[in-house]
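Participant: Input: one structure, supplied below.
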Amino acid sequence: MSPNTSLYVALVFYGLGTLVALASLFARERRLQHAGLGLMVIGFLSHTVWIGTICTLTGHPPLTNLPETVSFIAWLVFVVELVLFVIYRVHAASFFVYPLVLILLTISAVVREPFTHSQTVLSRLFTAHLLLTTTGVAALLIGLAFGLLAHLQDRALKSKTRGRLWEWIPSLNVCKDVSYRALSIGFSVYTLGLLTGVLWSYKTTAGIVAMRTKEIGAIVAWVLFAIVLQSYISGTYRTRRTMLTGAAALVAIVVAMLGIHHG
Amino acid sequence: MPLMLVGLNHRTAPVDVRERLSIDERKMPEILQSLVEHGALYGAAIVSTCNRVEVVISAPSEDVIERIVDWMSARADAARTELEKHLYILRYGDVVKHLFRVCSGLDSMILGEPQIGGQVRKAFQLAHDGNTLDALLTQLFEQTMRVAKKVRTDTGIGEHAVSVPYASVELAKKIFGQLEGLRVLLLGAGDMGELTAEHLHGQHVKQVFVANRSYERAVELAARFEGLAVQFNSIDEHLASCDIVIASTSAPHFVIETEQVERALASRKNRNLFLIDLSVPRNINPEISSIDGAYLYNVDDLQQVADANRELRQKKAQQAEEIIEREVESFRKRLVAQDAVPTILELQGRLETIRTAELEKCLRRMGPITADQRAAVEQFSSQMINKILHYPILQLKDAAEEPQERESLRNTIRKIFGLSS
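Protein chains in written order, with my numbering: chain H, 10 to 272; chain E, 238 to 658.
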């Protein structure tokens, strides 16, 4: 059996789970929402099997190329989503997080790169760089998703009209707190990830960091996330400008990830 | 065994009739005992709330209904013919469906209201403690509470406020999440404001401050919420420390202006401020709603929220009815299957006795055979018996709802297979 079978199984269940969860948004049915979560969890288990398989086959964390990195970020995003669901019973985040996980895993399945089997390819520093960066990105993505929920909730409360998400979104304070915590933790971890990357680059090339797409994307994303975080600290997180900055940060992250593939 | 319900509610009887039948919780055990004895019943429970009095019984036959109506007339001190006009009598599946609907809040005056669930639970508890429940009623009430919980969890029918004060609480929760630890400032002594503050107090807010032009009235009101009376001219100071402000004064002008809220928010370090304006003419400048972090709702806005919630509950009630239909059918099947168990066991036992006896005779006639051959003959006889029993058992398990029809089917099967009557 191909090692990628569990990846395709995960993709199918993530796809079904996302469709069912989005259908629940229109049907306003909690049972559909729960069914969507159930399907996503099955996908997640299969996804975990795939990550475990890669680790066993290659002898290192699945972070050496674009498909592996993207898949690992999707996995982490879903782990955080599950934890937040257990704590806050937040259904609304799933409408953003499920499609995000699905898109990330689709990229992972479509962009094929061979597994790197070498046991020595990853130094400890490089492994730390990859783990910290991907974990940071996952937390930042969750932070953006909850930031968007806070923005939608704020608009709904201000305009006194209810959208379809009204019922599913938790209180404004919860959205803001989760977003702020995820962004601040994600930003710190991501910063550490970038620093270990710079150190690793310096050690291996004995020079400055090469300014390729992935490096530029990563640095631009870091600056944009810093601006978003600052808006939370100063209390201006509700503004349209913060939302647009967050969206730009997301684009920068995507560019940096594509840079992993294209060099 | 017949399952029946005799009762009246806010739709069938005026309050003067309902109040005469209403039963005090403390007297319930004694009344239930007298009811069971008077009616020669297997079991009984009474759901008594301000909107309904319903007697749920299981009895040997339907004849007891007459006695129950007499008993209720005597209790209400009303002529039987007079009371009968307000009563409804339900049987079997209709009782199950009715109880499921009542406990889920679908039969309530305010659709989906959650209190009725607790009241039905209380009725069950009192009957259980008074030993007036038989196995059937116990099963029925337990299932009723399970179904009501499922309806509320799956549809969320009771989650949305349908009155202005509750709508305020719901919005406050949408902004702040938990209300514990929040501070509330009540301006004025209007009825609606007082009621809203009371609901917020019930949510365990940290402190309620009351400001009124008349300080004495403020002190009086504050005592109701275990709060603190403050001078009306100290509003600014409290705007900065309170999270929810309720304005309900009779002042013909704004008592809270944009600049006051801007100053308050600046000192609140961007913590949100929820302002509820229940006064007409309005007491809070509507321009405040454009300030970041300030959420202002007037009485019309809150009424719209309550109206929208009422419509939402109607939609959710349709989902709830579908759940109840499914649950009634499943409960009915379970009861019928349980009812058929003794007959099925007897039937199986009877045929097994015949099989064993005939098998022994057959084996004796056949003489010495191998173990495999003996096993084959035994398997053949067992399978034949199972095939013969398949349809009678299926019919017994899936029999009609009415006990008479089920009894008739059981008697027929007993006669055909020669079971003891």
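Quick reminder that beta carbons are idealized off the backbone N, C-alpha and C, glycines included.
On the DSSP letters alone, give me the boundaries of the beta strand (DSSP E) that S240 (chain H) sits inside.
Facilitator: Position 231 of the first sequence, counting from 1, holds the residue named residue 240 (chain H). No beta strand (DSSP E) holds S240 (chain H); the alpha helix (DSSP H) holding it covers 222 to 243.
Participant: For chain E, find out if any of its Cβ atoms is closer than 8 Å to the Cβ of R171 (chain H); answer yes or no.
Facilitator: In the first sequence, counting from the first residue as 1, residue 171 (chain H) sits at position 162. Yes - at least one Cβ of chain E is within 8 Å of the one on R171 (chain H).
Participant: P179 (chain H) touches chain E at which residues, Cβ-Cβ below 9 Å?
Facilitator: Start at 1 with the first residue of the first sequence, and residue 179 (chain H) comes out as number 170. In chain order: K411, G414.
Participant: Taking the runs of the beta strand (DSSP E) that are 3 residues or longer, which of them lie wholly in the stretch 300 to 350 of chain E?
Facilitator: List check, beta strand (DSSP E) in window: 325 to 328.
Participant: So is R247 (chain H) in contact with chain E if we call contact Cβ pairs under 8 Å?
Facilitator: For the purposes of this step, residue 247 (chain H) is taken as residue 238 along the first sequence, with counting starting at 1. Chain E, which has a Cβ nearer than 8 Å to the Cβ of R247 (chain H), makes this yes.
Participant: Please name the residue, chosen from E:E431, E:L465, E:S285, that lies closest to S516 (chain E) on a Cα-to-Cα basis.
Facilitator: Within the second sequence, the letter at position 279 stands for residue 516 (chain E). Nearest option by C-alpha distance: E:E431.
Participant: Is there at least one Cβ from chain E nearer than 8 Å to G152 (chain H)'s Cβ?
Facilitator: Locating residue 152 (chain H) in the first sequence gives position 143, where the first residue counts as 1. No - not a single Cβ of chain E is within 8 Å of the one on G152 (chain H).
Participant: Please name the residue, chosen from E:L269, E:V284, E:M265, E:L242, that lies closest to D300 (chain E) on a Cα-to-Cα basis.
Facilitator: Residue 300 (chain E) sits at position 63 when you count from the first residue of the second sequence. The candidate whose alpha carbon is nearest that of D300 (chain E) is E:L242.
Participant: Can you have a look at A214 (chain E) and say buried or exposed, based on whether 16 or more other CB atoms are within 10 angstroms of its CB?
Facilitator: Nothing about residue 214 (chain E) can be read from this structure; chain E reaches only from 238 to 658.
Participant: Determine, using beta-carbon pairs with one atom in the stretch 248 to 265 of chain E and one in the stretch 303 to 320 of chain E, whether at least three such pairs fall under 8 Å.
Facilitator: The stretch 248 to 265 of chain E is in contact with the stretch 303 to 320 of chain E.
Participant: Output needed in chain order: residues of the stretch 240 to 269 of chain H with a Cβ under 7 Å from some Cβ in chain E.
Facilitator: Correct list: G244, R247.
Participant: Identify, in the order they occur along the chain, each residue of the same chain with its Cβ nearer than 7 Å to the Cβ of P266 (chain E), setting aside the five sequence neighbours on each side.
Facilitator: For the purposes of this step, residue 266 (chain E) is taken as residue 29 along the second sequence, with counting starting at 1. Counting only Cβ-Cβ distances below 7 Å, and skipping sequence neighbours, we find L363, D366, G367.
Participant: DSSP state of F105 (chain H), grouped into three classes?
Facilitator: On the first sequence, residue 105 (chain H) is found 96 positions in, with the first residue counted as 1. In the structure shown, F105 (chain H) sits in a helix (DSSP, three-state: H, G or I).
Participant: Should H436 (chain E) be labelled buried (16 or more other beta-carbon atoms within 10 Å of its own) or exposed?
Facilitator: Residue mapping note: residue 436 (chain E) aligns to position 199 of the second sequence, counting from 1. So H436 (chain E) counts as buried.
Participant: Is the CB of V187 (chain H) under 8 Å away from at least one CB in chain E?
Facilitator: In the first sequence, counting from the first residue as 1, residue 187 (chain H) sits at position 178. Output row for V187 (chain H): interface = no.
Participant: Determine whether the Cβ of R40 (chain H) lies closer than 8 Å to any Cβ atom of chain E.
Facilitator: Counted from its first residue, the first sequence places residue 40 (chain H) at position 31. Yes, its Cβ sits closer than 8 Å to a Cβ of chain E.
Participant: Roughly how many angstroms separate the alpha carbons of L458 (chain E) and A258 (chain H), rounded to a whole number?
Facilitator: Here residue 458 (chain E) is taken as the residue at index 221 of the second sequence, counted from 1. Here residue 258 (chain H) is taken as the residue at index 249 of the first sequence, counted from 1. Roughly 52 Å between the two C-alpha positions.
Participant: Have a look at the DSSP bridge pairing and note the partners of N535 (chain E).
Facilitator: Along the second sequence, read from residue 1 onward, the residue named residue 535 (chain E) stands at position 298. Answer by DSSP bridge pairing, in chain order: E:D514.
Participant: To the nearest angstrom, report how far apart Q128 (chain H) and L139 (chain H) are at their CA atoms.
Facilitator: The count along the first sequence starts at 1 and reaches residue 128 (chain H) at position 119. The count along the first sequence starts at 1 and reaches residue 139 (chain H) at position 130. Confidence at Q128 (chain H) is low in this model, with a pLDDT of 49, below 50, so its placement is unreliable and the value that follows should be read with caution. Spanning the two alpha carbons is a distance of roughly 16 Å.
Participant: Would you say A191 (chain E) faces chain H, with C-beta separation under 8 Å as the test?
Facilitator: An answer regarding residue 191 (chain E) cannot be provided, because it is not within the stretch 238 to 658 covered by chain E.
Participant: Smallest Cα separation from L476 (chain E): which of E:R454, E:L343, E:S504, E:E453?
Facilitator: Taking the first residue of the second sequence as 1, we reach residue 476 (chain E) at position 239. Minimum Cα distance to L476 (chain E) is reached at E:S504.
Participant: Compile a chain-ordered list of the residues in the stretch 541 to 572 of chain E whose CB is closer than 9 Å to at least one CB of chain H.
Facilitator: Answer in chain order: Q541, V542, A545, L549, K552, K553, Q556.
Participant: For the stretch 510 to 525 of chain E, which residues have a beta carbon sitting closer than 8 Å to at least one beta carbon of chain H?
Facilitator: The stretch 510 to 525 of chain E vs chain H, Cβ under 8 Å: nothing.
Participant: Determine whether the Cβ of V92 (chain H) lies closer than 8 Å to any Cβ atom of chain E.
Facilitator: The sequence position of residue 92 (chain H) within the first sequence is 83, counting from 1. No, V92 (chain H) does not count as interfacial toward chain E.
Participant: Please classify I96 (chain H) as buried or exposed, where buried requires at least 16 neighbouring CB atoms within 10 angstroms.
Facilitator: Mapped onto the first sequence, residue 96 (chain H) falls at position 87. The residue is exposed, with fewer than 16 neighbouring Cβ atoms inside 10 Å.
Participant: Could you give the DSSP three-state label for F462 (chain E): helix, strand or coil?
Facilitator: On the second sequence, residue 462 (chain E) is found 225 positions in, with the first residue counted as 1. Reduced to three states, the DSSP call for F462 (chain E) is coil.
Participant: Which of helix, strand or coil does DSSP assign to E77 (chain H)?
Facilitator: One-based indexing of the first sequence puts residue 77 (chain H) at position 68. The answer is helix: DSSP assigns E77 (chain H) an H, G or I state.
Participant: Looking at chain H, which residues of the stretch 387 to 400 of chain E have a Cβ within less than 9 Å of any of its Cβ atoms?
Facilitator: Here the close residues are T390, D391, T392, G393, E396, H397.
Participant: Excluding sequence positions up to five away, which residues of its chain have a Cβ less than 6 Å from the Cβ of V482 (chain E)?
Facilitator: For the purposes of this step, residue 482 (chain E) is identified with residue 245 of the second sequence, where counting begins at 1. So the list reads L422, L512, once near-sequence residues are dropped.
Participant: Cβ closer than 7 Å: which chain H residues qualify as neighbours of D538 (chain E)?
Facilitator: Position 301 of the second sequence, counted from the start, is the residue given in the question as residue 538 (chain E). Those are K169, listed as they occur along chain H.
Participant: Check whether the stretch 336 to 346 of chain E touches the stretch 535 to 544 of chain E, counting contact only when three or more Cβ pairs, one atom from each stretch, lie closer than 8 Å.
Facilitator: No, the stretch 336 to 346 of chain E does not touch the stretch 535 to 544 of chain E.
Participant: Taking contact to mean at least 3 C-beta pairs separated by less than 8 Å, is the stretch 322 to 334 of chain E in contact with the stretch 344 to 355 of chain E?
Facilitator: Counting Cβ pairs under 8 Å, fewer than three are found: no touch.
Participant: Thinking C-alpha only, which one of H:Y17, H:T222, H:Q239 is nearest A9 (chain H)?
Facilitator: The structure shown does not extend to residue 9 (chain H), since chain H is modelled only from 10 through 272, so no value can be given for it.
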